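Trainee: There's a structure below that I have some questions on.
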Amino acid sequence: MHGLYDDSGKLQGGRILSEADATLQIELDSGKRVKIKQAQLLAKFDKPGPAALIQAAQTLAQGFDLDLAWEFAPEGDFGHADLARDYFSASAGLDHELACWLALTGAPHYFRRAGKGGQFKKAPQEQVQAALAGLEKRRLQNLQIEQWTAELVAGRCPEALQAHIYKLLFKPDKNGPEYKALVQAALQSKRAPLDLLQTAGAITSPYSFHWQRFLFEHFPKGTGFQPLEAPAIDALPRANVAAFSIDDSSTTEIDDALSVQGLGSGTVTFGVHIAAPGLAIAPGSALDQVARTRLSTVYMPGWKITMLPDSVVQAYTLVEGRDCPALSLYVTLDEATLEVKATESRIEQVPIVANLRHDQLDGIVTEASLTGEAPADYPFATELAFAHRLARHLKAGREAVRGKPETFNRPDYSFKLDGERDAPPTGDETVHIGVRARGTALDLIVAEAMILANSTWGLWLGELGVPALYRSQASLAPGIKVRMGVKPLPHAGMGVAAYAWSTSPLRRYVDLVNQWQLIAAIRHGRTAALVAPFKPKDAELFAILSSFDAAYTAYNGFQQQIERYWCLRHLQQTGTSTLTASVMRNDLGLVRADTLPLVFKTLGVEALARGEAVRVQITGVDLLTLDLHARLLERLAAPAAPSDDAEDDDEAAQAATPITVAVDLTDAQAADSGGAAG
Numbered sequence: 009m010h011g012l013y014d015d016s017g018k019l020q021g022g023r024i025l026s027e028a029d030a031t032l033q034i035e036l037d038s039g040k041r042v043k044i045k046q047a048q049l050l051a052k053f054d055k056p057g058p059a060a061l062i063q064a065a066q067t068l069a070q071g072f073d074l075d076l077a078w079e080f081a082p083e084g085d086f087g088h089a090d091l092a093r094d095y096f097s098a099s100a101g102l103d104h105e106l107a108c109w110l111a112l113t114g115a116p117h118y119f120r121r122a123g124k125g126g127q128f129k130k131a132p133q134e135q136v137q138a139a140l141a142g143l144e145k146r147r148l149q150n151l152q153i154e155q156w157t158a159e160l161v162a163g164r165c166p167e168a169l170q171a172h173i174y175k176l177l178f179k180p181d182k183n184g185p186e187y188k189a190l191v192q193a194a195l196q197s198k199r200a201p202l203d204l205l206q207t208a209g210a211i212t213s214p215y216s217f218h219w220q221r222f223l224f225e226h227f228p229k230g231t232g233f234q235p236l237e238a239p240a241i242d243a244l245p246r247a248n249v250a251a252f253s254i255d256d257s258s259t260t261e262i263d264d265a266l267s268v269q270g271l272g273s274g275t276v277t278f279g280v281h282i283a284a285p286g287l288a289i290a291p292g293s294a295l296d297q298v299a300r301t302r303l304s305t306v307y308m309p310g311w312k313i314t315m316l317p318d319s320v321v322q323a324y325t326l327v328e329g330r331d332c333p334a335l336s337l338y339v340t341l342d343e344a345t346l347e348v349k350a351t352e353s354r355i356e357q358v359p360i361v362a363n364l365r366h367d368q369l370d371g372i373v374t375e376a377s378l379t380g381e382a383p384a385d386y387p388f389a390t391e392l393a394f395a396h397r398l399a400r401h402l403k404a405g406r407e408a409v410r411g412k413p414e415t416f417n418r419p420d421y422s423f424k425l426d427g428e429r430d431a432p433p434t435g436d437e438t439v440h441i442g443v444r445a446r447g448t449a450l451d452l453i454v455a456e457a458m459i460l461a462n463s464t465w466g467l468w469l470g471e472l473g474v475p476a477l478y479r480s481q482a483s484l485a486p487g488i489k490v491r492m493g494v495k496p497l498p499h500a501g502m503g504v505a506a507y508a509w510s511t512s513p514l515r516r517y518v519d520l521v522n523q524w525q526l527i528a529a530i531r532h533g534r535t536a537a538l539v540a541p542f543k544p545k546d547a548e549l550f551a552i553l554s555s556f557d558a559a560y561t562a563y564n565g566f567q568q569q570i571e572r573y574w575c576l577r578h579l580q581q582t583g584t585s586t587l588t589a590s591v592m593r594n595d596l597g598l599v600r601a602d603t604l605p606l607v608f609k610t611l612g613v614e615a616l617a618r619g620e621a622v623r624v625q626i627t628g629v630d631l632l633t634l635d636l637h638a639r640l641l642e643r644l645a646a647p648a649a650p651s652d653d654a655e656d657d658d659e660a661a662q663a664a665t666p667i668t669v670a671v672d673l674t675d676a677q678a679a680d681s682g683g684a685a686g
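Heads up: the sequence shown begins at 9 in my numbering, then just goes up one per residue.
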């Protein structure tokens, strides 16, 4: 004796081994024995075999007219066998009854289950109509998916996909028809999604792809500003200094300037002057909302997205030839010993007499000229000489706290694109990649002055109990990263007791926030904590910290990616086929180029030691994924001694990882099952 039973909507059958009042034991064709409830049993029979009967029922069910069955089915509960006799004939056999059960079970929008044992009930008419409309919508959607898939495979990108290309690639709705079409087309054409879309014309150029992807993720409303005016700043006392800034010629957001007074008197006052937009931009104002949304200026070769509108930047930047509102830190020092005697902070108008430029002076203002070993025929020679002596003194003091000297074995690189532009680059420009040694005399002067200001002001705010946003590092041990917080904690990497970014308020929102707190401190002293815009344990301050940290990391990541693009373009433009490099991570097969800021995988270096010099052959460049393919040609030298630069290996390795998209081709199964449901 055989039995067929309901296994959660699936028809199963086998030989009945035993039967009790409430249960049965059935042996399936596979030999597996199952125990079922009597309520699950649909039929008992001698022949044919279960498999043959199920096959016959499935064949009959394929032509079952659900609309007709729903029309004449009774209003109350009914059994599938009764409906089979009404639908087929009064002499309907077991195969017809089971065909009816299969059809009704597979159409929940027409018929509801009314318990086990083959009992059903008609669905309400409005539910049937809604379900049929949904099925029709799904059918049409599947047709649309098929059409879009065919277009992509044929090398054309449908407009519906073109309009959402970056969402599809990086933040897709995996249930959407556009995504399913892209997955199916990639599988049918046996091509990677990026390659498929580029061939179909959806990606017009690799540079545009990287630029538009960044805008999609971080500037979905565009990079323009609404019309906003720069508020005026009330009259301030005029400082009796002649201040000068030191920046690159391309710098328009000049945040900082320096001054030196009292040379030759035995007591020198060294001034650090910071642009003061915080005097005009009020927390919560429209300009503040703009700055808080952007959080930082975004830098890239040939272009930048500023944190504030250019008209606002120009109102507060420290441009030469005018008196500029500034927060000034004055450090009084013994001219001979450089011992700090006093510090004072002021809000004032600072005369900016010159904007000195790195690229014009780096080869002129040398360490030899600053120390008197060579002529110093340039402006502010004596002031720069003192600033350089002070900078070396400050650096030595930090290194003593740090426990070891700072070493910079790799140069800084500059990227210059041919031509002037009033719009972002297209990616086809000729790029010139130059080298600047790290830690030049002018670099050292500016860096130490800013560290002095950020650490002095950070400690002072902490003493006053005025909260601020700090950067700290617990130690120089491997894996200990720089963190942001609201407490003045030591920064081991800098070798200072506290470090609060305060010297770039035109281009970093953290600095603007800290400037508001500093303004309160300068104006109110010990009572500043009561009137500062952000109070201790202010939830708003923590929210700013979190948002800034995420945005700053993303912006830096984009800058690295777009500089990598220009490095690869440089290789193409110069026809470079080989590079010298050093092994960086043999476990990952990574090397670092000697003459470019470029880390990439190279076949054949896995067994070489870190630091070993090699020559590699470039075998391929992919501007879309930013991948560089190379293989080892020859070993050149023994490993060099490890340096502090090893600390950023993880970041460099991440930058060398090819860009990936969020399109998973295994989703095709889900797409197919979605289509089958229709």
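Using N, Cα and C, we set each Cβ at its ideal position, and we do this for glycine too. Here the structure is a predicted model, which is why all the values come from computation and not from measurement.
Determine the direct distance from the alpha carbon of Thr345 to that of Thr277, and round the result to whole angstroms.
Mentor: C-alpha separation (whole angstroms): 13 Å.
Trainee: So if DSSP puts Gln20 in a beta bridge, which residue, or which two residues, is it bridged to?
Mentor: Beta-bridge pairing links Gln20 to Tyr13.
Trainee: What whole-angstrom Cβ distance do Leu392 and Ile453 have, given they're in contact under 8 Å?
Mentor: Confirmed, about 7 Å.
Trainee: Cutting at 8 Å between CB atoms, please list the residues of its own chain near Gln135, excluding the five before and the five after it.
Mentor: Excluding residues within five positions, the ones whose Cβ falls inside 8 Å are His117.
Trainee: For Thr438, which option in Arg577, Pro239, Ala508, Glu79 has the closest C-alpha, if you only look at C-alpha atoms?
Mentor: For Thr438, the nearest C-alpha among the options comes from Arg577.
Trainee: Take Leu140 as the anchor and find which of Asp75, Pro496, Val268, Pro58 has the nearest alpha-carbon.
Mentor: Of the candidates Asp75, Pro496, Val268, Pro58, the one whose C-alpha sits nearest the C-alpha of Leu140 is Asp75.
Trainee: So which of Gln192, Asp635, Leu640, Leu632 has the shortest CA-CA distance to Gln625?
Mentor: It is Leu640.
Trainee: Under three-state DSSP, which class holds Asp630?
Mentor: Asp630: strand per DSSP, three-state reduction.
Trainee: For the beta strand (DSSP E) that contains Val607, what are its first and last residues?
Mentor: Looking at the DSSP string, the run of the beta strand (DSSP E) that includes Val607 is 607-611.
Trainee: Just tell me which of Thr31, Arg221, Ala389, Pro285 has its CA closest to the CA of Thr374.
Mentor: Of the candidates Thr31, Arg221, Ala389, Pro285, the one whose C-alpha sits nearest the C-alpha of Thr374 is Ala389.
Trainee: What residues in its chain sit with their C-beta under 7 Å from that of Val613, if we drop five residues either side in the sequence?
Mentor: Hits under 7 Å: Val591, Asn594, Gly597, Val599, Val622, Leu640.
Trainee: Pull up the distance between the alpha-carbon of Lys424 and that of Ala194, whole angstroms please.
Mentor: Taking the straight line joining both Cα atoms gives about 38 Å.
Trainee: Is it buried or exposed for Gln155, if we count other Cβ within 10 angstroms and need 16 for buried?
Mentor: Looking at its Cβ environment, which holds fewer than 16 other Cβ atoms inside 10 Å, Gln155 is exposed.
Trainee: First and last residue of the beta strand (DSSP E) that includes Ile254?
Mentor: Where Ile254 is concerned, the enclosing beta strand (DSSP E) stretches over 251-255.
Trainee: Is it a yes or a no for the region 56-65 touching the region 13-30, going by three-plus beta-carbon pairs under 8 Å?
Mentor: With the cut-off at 8 Å, the region 56-65 and the region 13-30 touch.
Trainee: Could you check the C-alpha separation between Leu223 and Trp574 for me, to the nearest Å?
Mentor: Computed Cα separation, rounded: 18 Å.
Trainee: When DSSP labels each residue in this structure, what does Ala684 get in the three-state scheme?
Mentor: Any answer about Ala684 is weak, because its pLDDT of 35 lies below 50 and its placement is not dependable; what the coordinates show is given next. The answer is helix: DSSP assigns Ala684 an H, G or I state.
Trainee: Straight-line CA distance for Arg410 to Gln481?
Mentor: Their Cα atoms are separated by approximately 11 Å.
Trainee: Can you round the beta-carbon distance between Ile527 and Gly292 to whole angstroms, since I take them to be within the 8 Å contact cut?
Mentor: No, Ile527 and Gly292 are not in contact; Cβ-Cβ is about 15 Å, not under 8 Å.
Trainee: Please report the residue range of the beta strand (DSSP E) in which Asp264 lies.
Mentor: Asp264 -> beta strand (DSSP E) spans 264-269.
Trainee: Between the region 541-551 and the region 559-568, do at least 3 Cβ pairs fall closer than 8 Å?
Mentor: Not touching, per the Cβ criterion.
Trainee: In the region 423-502, which residue ranges form an unbroken beta strand (DSSP E) of at least 3 residues, counting only runs that do not cross its ends?
Mentor: Here the runs fully enclosed are 439-444, 478-480, 491-493.
Trainee: Name the DSSP beta bridge partners of Leu369, please?
Mentor: Leu369 pairs with nothing; no bridge assigned.
Trainee: Spell out the partners DSSP gives Ala638 in its beta bridges.
Mentor: DSSP output for Ala638 lists Thr610, Ile626 as bridge partner(s).
Trainee: At a cut of 8 Å, does the region 260-276 reach the region 209-225 through at least three beta carbon pairs?
Mentor: No, the region 260-276 does not touch the region 209-225.
Trainee: By the three-class DSSP mapping on this structure, what secondary structure does Asn363 have?
Mentor: Reduced to three states, the DSSP call for Asn363 is strand.
Trainee: Can you tell me whether Gln234 is helix, strand or coil according to DSSP?
Mentor: Gln234: coil per DSSP, three-state reduction.
Trainee: Would you give the residue range spanned by the beta strand (DSSP E) that Ile289 belongs to?
Mentor: Counting along the chain, Ile289 falls outside any beta strand (DSSP E), and DSSP gives it neither H nor E.
Trainee: Determine, using beta carbons only, whether Thr511 and Ala455 come nearer to each other than 7 Å.
Mentor: Against a cut-off of 7 Å, the Cβ pair of Ala455 and Thr511 comes out as no contact.
Trainee: My parser needs the beta strand (DSSP E) runs of 3 or more residues fully inside the region 103-131; what are they?
Mentor: If we require 3 residues or more, the beta strand (DSSP E) runs fully inside the region 103-131 come out as 119-121, 127-130.
Trainee: Can you give me the C-alpha to C-alpha distance between Lys543 and His218, rounded to a whole angstrom?
Mentor: Their backbone Cα atoms lie some 40 Å apart in a straight line.
Trainee: Whose CA, out of Cys108, Asp73, Glu79, lies closest to the CA of Asp90?
Mentor: For the residues Cys108, Asp73, Glu79, the minimum Cα distance to Asp90 belongs to Cys108.
Trainee: Tell whether a beta-carbon distance below 7 Å holds between Gln357 and Leu244.
Mentor: In contact: Gln357 and Leu244 (Cβ atoms closer than 7 Å).
Trainee: Quick one: which unbroken alpha helix (DSSP H) runs of 4-plus residues sit fully inside the region 36-110? Chain order, please.
Mentor: Fully enclosed alpha helix (DSSP H) runs of 4 or longer: 58-69, 74-80, 88-95.
Trainee: Tell me which same chain residues have a C-beta within less than 6 Å of the C-beta of Leu72, skipping the five on either side of it?
Mentor: According to the sequence as given, residue 72 is Phe; it is not Leu. Counting only Cβ-Cβ distances below 6 Å, and skipping sequence neighbours, we find Ala111.
Trainee: In the region 193-249, which residue ranges form an unbroken alpha helix (DSSP H) of at least 4 residues, counting only runs that do not cross its ends?
Mentor: Qualifying alpha helix (DSSP H) stretches, in chain order: 201-207, 214-226.
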